[in-house]
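J.:
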Amino acid sequence: MACSATAKIIHNPLVLSSSRSAEKYESCCKISGPSSLLGSKFLGKKLLSAKSAISLASRRSGAVVAVSSDVVKEKKVKSGSSAASNLLITKEEGLVLYEDMYLGRAFEDMCAQMYYRGKMFGFVHLYNGQEAVSTGFIKLLKQEDCVVSTYRDHVHSLSKGVPARQVMSELFGKTTGCCRGQGGSMHMFSKEHNVLGGFAFIGEGIPVATGAAFTSKYKREVLKEDCDEVTLAFFGDGTCNNGQFFECLNMAALWKLPIVFVVENNLWAIGMSHLRSTSDPQIWKKGPAFGMPGVHVDGMDVLKVREVAQEAIGRARRGEGPTLVECETYRFRGHSLADPDELRDPAEKARYATRDPITALKKYLFENNLANEAELKAVDKKIDEIIEDSVEFADASPVPARNQLLENVFADPRGFGIGPDGKYRCEDPKFTEGTAQV
Amino acid sequence: MLGILRQTVVAKLNHALNCEQGIGAVALRAYSSSSANKMTVRDAINSALDEEMSADPKVFMMGEEVGEYQGAYKITKGLLDKYGPERVVDTPITEAGFTGIGVGAAYHGLRPVVEFMTFNFSMQAIDHIINSAAKSNYMSAGQISVPIVFRGPNGAASGVGAQHSQCYAAWFGSCPGLKVLAPYSAEDARGLLKAAIRDPDPVVFLENELLYGESFPVSAETLDSSFCVPIGKAKIEREGKDVTIVAYSKMVGFSLQAADILAKEGINAEVINLRSIRPLDRSAVNASVRKTNRIVTVEEGFPQHGVGAEICATVVEDSFEYLDAPVERIAGADVPTPYAANIERMAFPQVEDIVRAAKRACYRSR
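For the record, the sequence lines run as chains A and B.
Taking the numbering used here, the leading residue of the first sequence gets 242, the next gets one more, and so forth.
Taking the numbering used here, the leading residue of the second sequence gets 77, the next gets one more, and so forth.
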């Protein structure tokens, strides 16, 4: 099978290659999951039946022409020749990926439990089912790289390295949380791990992420620092109809910013189906419209996501500019814990449940002898203990003190910070005369 | 011949004068010219931006037409040539996008100065000003501070219609996490802008298009590159004892003119230039009211929920026993700004309105 329908990296959007006819594309899309990647052969058969209904509806390709990337071609050649020795990941990497995805899943399940017990409150949006996207991308980043997310940000924070204890405390509204209980579920910030939020408004994080990428470029070009930081912006399918998304695609491509726009297309924006709200549901196409590559990847397969992520992050780090990656994924739970989730077809949910990314990775690890049952069980146990410990820690932590209400409104409440004599500069009586040392 | 004689006489007279005043006169004249040193608000802002950008390489400017066009109102003239396109960034027309980019850059360590062509356009970006800039330090419990400045002309210009004439002081002034400044004179503009750029918090800097071309005398201290004006402190532009007139931005000029007119009628008005809408210098206003016992607030913005409403409430809360007359507030008319010149004039406070209100406060309306 010669088509690689998963990753379509269009390098030169202005040149329409005639190597892929619309018809071939259509047939590629029906399969829509597998390429020659080893791990996906088993998924492929399930996908044929599971995905066809969705794919037919959503992939009305028309005159779309896709050019397959050289990266994927190379990989195909390699893995075709020696099946055993050219796996996509090593054992250590596999275990890291598994552990991170299981952490995300166990954490979110615990959040649901805690919410129904009244320990957590307000708006809580869970990430079950989408772990492959977070793990696939964020595990490739360095600590200095930035992640900007939406309200569905618990797992992004965990993947980036924020301790589970701090996230759980934050959700409980305790003062030991990563934002001292002042942010909450939707506003996870961590300066240490460069998680720049956590935004409730969809689309709000995209310009902020673009700004962080702008800073990376500025540091390199104006401040002449050795900076190759990359920023990832995570957002959903609903956001892709928002004006700010397009504004930022334009500016990121215009200024060649080191950013990757990651679309977590889970087909639903609360109860609004992506197909009902979008004129052209293929989001990856919006990238080439602005002069950047647009890639579509199966977001339920962490290995595929990781491969695409490697390419996209590599591009950004080398200064070649932004990439738009559409990850087709699904959330197993409702939009939030308050969402009755009545509009989604149970058959659709069942189909996606068979594509659970954690189960898929487990299978891959077993079949390629990268890990055995016992090792994975040990990881599960370890993570379960971490989660329980985080709940106990959060339970035992104090609520914010009364005076915390008024704290942190300003970094510098009185203006201009503290002078060399230890007092606020604006209290220096000579201040208005301009003779004060500022 | 007479001409030459006259010239000689004049020359001799000058020489005599010079000698009389002594050698110090020459130096004095050079220094006294500093009080005759005038600077337009436009030059004040330009020089402040220039100095702050040269002092700190992390400061950069971003906005529509700030670079090659030299600024929509020529405020950023010369900066592109001096600092280059990476530091004076011309953006596409994407307020929401580039404001967000500025905020993201501020999150991650730079110090952006984002220009709005007018603050009316800030409404397209207000989500970022309030939600991602103002609230972030609080939501992140101090981890992420946002050292950004949003600046641009605010309030009415002349004949620009309803969508270009709104005053946003009250809207931004009600939001915790923002600092909101409204300069009047060149000294205010320079000092407050330098303070705003150095401040680690988000600052909304409300300029006024009609003041850009006005010249004000500036002292030598103002021209010093480390000159700053503290945020949160009002200035008493004119001392008085009969009535307090509180204003900001262009209305300060009108209030000073009104005070001159009132002085001829025996009413000695104290004019306070707020300079800072948030934090509001409540103590200065109250101290003044306790001295004069009467207050008139003047603003260009809409009357309901305006800056004047807040000041009046503050005065009633803190200095009720000192008030000898009801609080008076003058604001713009409660209508979208009309275009026709005569009714536009009626839509904003004029000097006569201020005089009338002050007289009303002094029970001298007849």
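Even for Gly, the Cβ is constructed at its ideal location relative to N, Cα and C.
Closest Cβ-Cβ distance between S250(B) and chain A: below 8 angstroms?
T.: Within the second sequence, numbered from 1, the residue matching residue 250(B) stands at position 174. No - not a single Cβ of chain A is within 8 angstroms of the one on S250(B).
J.: Which runs of the beta strand (DSSP E) at least 3 residues long sit entirely within the segment 456-540 of chain A? Give them in chain order.
T.: 472-477, 500-506, 535-539, all fully within the segment 456-540 of chain A.
J.: Look at S130(B) and E171(B) and say whether their C-beta atoms are less than 8 angstroms apart.
T.: Taking the first residue of the second sequence as position 1, residue 130(B) is located at position 54. Taking the first residue of the second sequence as position 1, residue 171(B) is located at position 95. Cβ atoms of S130(B) and E171(B): not closer than 8 angstroms.
J.: Select from K432(A), S398(A), L578(A), V374(A) the residue whose C-alpha is nearest the C-alpha of A353(A).
T.: By one-based count along the first sequence, residue 353(A) stands at place 112. Minimum Cα distance to A353(A) is reached at L578(A).
J.: How would you label R405(B), buried or exposed, when you count the other beta carbons within 10 angstroms and need 16 or more for buried?
T.: Start at 1 with the first residue of the second sequence, and residue 405(B) comes out as number 329. Buried, by the Cβ-count rule.
J.: Would D166(B) pass as a contact of V142(B) if the rule is Cβ separation under 8 angstroms?
T.: As a working mapping, residue 166(B) is identified with position 90 in the second sequence. As a working mapping, residue 142(B) is identified with position 66 in the second sequence. Contact: yes.
J.: Is G185(B) near K134(B), with beta carbons less than 8 angstroms apart?
T.: Taking the first residue of the second sequence as 1, we reach residue 185(B) at position 109. Taking the first residue of the second sequence as 1, we reach residue 134(B) at position 58. Cβ atoms of G185(B) and K134(B): closer than 8 angstroms.
J.: Which chain A residues sit within Cβ distance under 8 angstroms of H381(B)?
T.: What you label residue 381(B) is simply residue 305 of the second sequence in a count that begins at 1. None at all; the shortest Cβ gap to chain A is about 21 angstroms.
J.: Below 8 angstroms between beta carbons: does that hold for M492(A) and T451(A)?
T.: Position 251 of the first sequence holds residue 492(A). Position 210 of the first sequence holds residue 451(A). Contact flag set, yes.
J.: How would you call P598(A), buried or exposed, if buried means at least 16 neighbouring beta carbons within 10 angstroms?
T.: Locating residue 598(A) in the first sequence gives position 357, where the first residue counts as 1. Answer is buried; the Cβ neighbour count reaches 16.
J.: Which bits of chain B does L437(A) rub up against, with CB to CB less than 8 angstroms?
T.: Translated into positions along the first sequence, residue 437(A) becomes position 196. Correct list: G180, Y183, H184, I220.
J.: From the DSSP secondary-structure annotation, give me the bridge partner or partners of L399(B).
T.: The residue labelled residue 399(B) in the question sits at position 323 within the second sequence. The partner list for L399(B) (beta bridge, DSSP) is empty, contrary to what the question assumes.
J.: Quick one: measure Cβ to Cβ for A557(A) and V501(A), integer angstroms, because I've assumed they're closer than 8 angstroms.
T.: Walking along the first sequence from the start, residue 557(A) turns up at place 316. Walking along the first sequence from the start, residue 501(A) turns up at place 260. Going by Cβ atoms, the distance from A557(A) to V501(A) rounds to 6 angstroms, so yes, they are a contact pair.
J.: May I have the straight-line CA-CA distance separating G147(B) from E140(B), to the nearest angstrom?
T.: Taking the first residue of the second sequence as 1, we reach residue 147(B) at position 71. Taking the first residue of the second sequence as 1, we reach residue 140(B) at position 64. Their backbone Cα atoms lie some 8 angstroms apart in a straight line.
J.: If we cut at 8 angstroms on Cβ distances, does E552(A) have a partner in chain B?
T.: Residue numbering aside, residue 552(A) sits at position 311 when the first sequence is read from its first letter. Judged by the 8 angstroms Cβ criterion, E552(A) is not in contact with chain B.
J.: Could you check which residue in L412(A), E340(A), A553(A) has the C-alpha nearest to that of M429(A)?
T.: Counted from its first residue, the first sequence places residue 429(A) at position 188. Here the closest residue by C-alpha is L412(A).
J.: Within 8 angstroms (strictly less), CB to CB, does N207(B) reach chain A?
T.: Counted from its first residue, the second sequence places residue 207(B) at position 131. N207(B) counts as touching chain A.
J.: Just the Cα atoms here: how many angstroms apart are A510(A) and T331(A)?
T.: In the first sequence, residue 510(A) corresponds to position 269, counting from 1. In the first sequence, residue 331(A) corresponds to position 90, counting from 1. So the alpha carbons of these two residues sit roughly 36 angstroms apart.
J.: Restricting to Cα atoms, I'd like to know which of E346(B), G308(B), R354(B), E285(B) is closest to K326(B).
T.: Counting from 1 along the second sequence, the entry for residue 326(B) is found at position 250. The option with the nearest alpha carbon to K326(B) is E285(B).
J.: Determine which residues of the segment 356-385 of chain A have a Cβ less than 7 angstroms from any Cβ of chain B, and write them out in chain order.
T.: Under the 7 angstroms Cβ criterion, the segment 356-385 of chain A contributes no residue.
J.: Name the two residues that bound the continuous beta strand (DSSP E) containing F192(B).
T.: The residue given as residue 192(B) occupies position 116 in the second sequence. Run containing F192(B): none; DSSP gives neither H nor E here.
J.: What residues from chain B crowd round D484(A), counting only those whose CB sits closer than 7 angstroms?
T.: Within the first sequence, residue 484(A) is the residue found at index 243, counting from 1. The sequence given here has Gly at residue 484(A), not Asp. What G484(A) touches in chain B: A172.
J.: Using the Cα positions of D580(A) and M361(A), report the straight-line distance between them to the nearest angstrom.
T.: Translated into the one-based positions of the first sequence, residue 580(A) becomes position 339. Translated into the one-based positions of the first sequence, residue 361(A) becomes position 120. Using only the alpha carbons, I get a separation of about 15 angstroms.
J.: Looking at the ligand SAH, does it come within less than 7 angstroms of A233(B), judged from the CB to the closest heavy atom?
T.: Looking for the ligand SAH in the displayed structure turns up nothing, as the structure carries no ligands at all.
J.: Quick one: is I80(B) buried, meaning 16 or more other Cβ sit within 10 Å of its Cβ, or exposed?
T.: For the purposes of this step, residue 80(B) is identified with residue 4 of the second sequence, where counting begins at 1. For I80(B), the pLDDT reaches just 49, beneath the cut-off of 50, and the residue's location in the model is therefore unreliable, although a value from the coordinates is still provided. Answer is exposed; the Cβ neighbour count stays below 16.
J.: Rounding to the nearest angstrom, what Cα-Cα distance links I443(A) and N507(A) in this structure?
T.: Taking the first sequence and counting its residues from 1, the one referred to as residue 443(A) is at position 202. Taking the first sequence and counting its residues from 1, the one referred to as residue 507(A) is at position 266. Distance between the alpha carbons of I443(A) and N507(A): 15 angstroms.
J.: Whole angstroms is fine: what's the gap from G228(B)'s alpha carbon to R370(B)'s?
T.: Within the second sequence, numbered from 1, the residue matching residue 228(B) stands at position 152. Within the second sequence, numbered from 1, the residue matching residue 370(B) stands at position 294. In a straight line, the C-alpha of G228(B) is about 33 angstroms away from that of R370(B).
J.: Would you mind telling me which residues of chain B sit closer than 7 angstroms to H428(A), beta carbon to beta carbon, in chain order?
T.: On the first sequence, residue 428(A) is found 187 positions in, with the first residue counted as 1. Near H428(A) (Cβ distances below 7 angstroms), the residues of chain B are M215.
J.: Give me the residue from I430(B), M422(B), S208(B) with the minimum Cα distance to G235(B).
T.: Taking the first residue of the second sequence as 1, we reach residue 235(B) at position 159. The option with the nearest alpha carbon to G235(B) is M422(B).
J.: Between which two residues does the beta strand (DSSP E) harbouring G335(A) extend?
T.: The residue given as residue 335(A) occupies position 94 in the first sequence. G335(A) -> not in any beta strand (DSSP E); alpha helix (DSSP H) instead, spanning 332-357.
J.: Do you know whose CA, among A238(B), S261(B), L299(B), lies nearest A124(B)'s CA?
T.: Position 48 of the second sequence, counted from the start, is the residue given in the question as residue 124(B). Nearest of A238(B), S261(B), L299(B) to A124(B), Cα basis: L299(B).
J.: Interface residues of chain B around A593(A) at Cβ under 8 angstroms?
T.: Sequence index remark: in the first sequence, residue 593(A) carries index 352 (1-based). According to the sequence provided, residue 593(A) is Tyr. The question's Ala does not apply to it. Correct list: empty, because the minimum Cβ distance to chain B is about 33 angstroms.
J.: Look at the Cβ atom of G267(B), then the Cβ atom of C304(B), and state whether they are nearer than 8 angstroms.
T.: Translated into positions along the second sequence, residue 267(B) becomes position 191. Translated into positions along the second sequence, residue 304(B) becomes position 228. It is a contact, given that the beta carbons lie within the stated cut-off.
J.: Which residues in chain B have a C-beta closer than 7 angstroms to the C-beta of V463(A)? List them in chain order.
T.: In the first sequence, counting from the first residue as 1, residue 463(A) sits at position 222. Per Cβ cutoff of 7 angstroms: P133, E162, R163.
J.: Taking 8 angstroms as the CB-CB cut-off, is V650(A) touching chain B?
T.: Along the first sequence, one-based indexing puts residue 650(A) at 409. Yes, contact with chain B.
J.: Across which residues does DSSP place N349(B) in a beta bridge pair?
T.: Taking the second sequence and counting its residues from 1, the one referred to as residue 349(B) is at position 273. According to DSSP, which records beta bridges pairwise, N349(B) is partnered with K311(B), A323(B).
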